[in-house]
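Residue 93 in this note's numbering sits at position 93 of the sequence shown, with consecutive numbering throughout. Written out below as structure tokens is the structure these notes cover.
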Amino acid sequence: MAAPAPPPAAEPTPPAPAEAARPAPGDFAVIAEVNAIHFDFDRAQIRQSDAKILDANAEYLRNNADTLVLIEGHADERGTAEYNLALGERRARAARDYLVSRGIAADRISLVSFGEERPECTEHTEACWARNRRSEFLVKPK
């Protein structure tokens, strides 16, 4: 009697397609021509007073089409770390959506949320917390 045939060799699993390479935050720099915006407590809506800042940021990006932008979302220390990361993400997305509505290509924009991890101010006051509720814009050449 013949021995049973060995099971077929398993096909190797193909590697997952590589995601589009995203620039590392360290590759970007803060420049004077592009400014941060701030948010109300527990909100991710663009304030009227910050729309002018975003319009100026969009104008800079239109005039410098070879520039990529990284939008960082930040939150103050109140709330859980997980909640603040999500809030920072919503803030960065709101800023991105505004820039896209002003003609900036979405593929030039990367987002990252730091939540409460990178405060601009460390005092436990409303004035300090207000400074930490922000989206910052960093740029680099393509």
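All residues carry an ideal CB built from backbone N, CA and C; glycine is no exception.
- Judged by DSSP secondary structure, Val-112 falls within the beta strand (DSSP E) whose first and last residues are 109 to 115.
- In summary, Gly-103 is exposed, with fewer than 16 beta-carbon neighbours lying within 10 Å of its beta-carbon over all protein chains present.
- Cβ atoms of Ser-113 and Ala-92 come within 8 Å of each other, at about 6 Å.
- The beta-bridge partner set that DSSP reports for Glu-72 consists of Val-112 and Glu-136.
- Checking the DSSP bridge columns, you'll see Thr-67 partnered with Pro-141.
- Judged by DSSP in its simplified three-state form, Ile-53 adopts helix.
- Under DSSP, His-38 forms a beta bridge with Arg-134.
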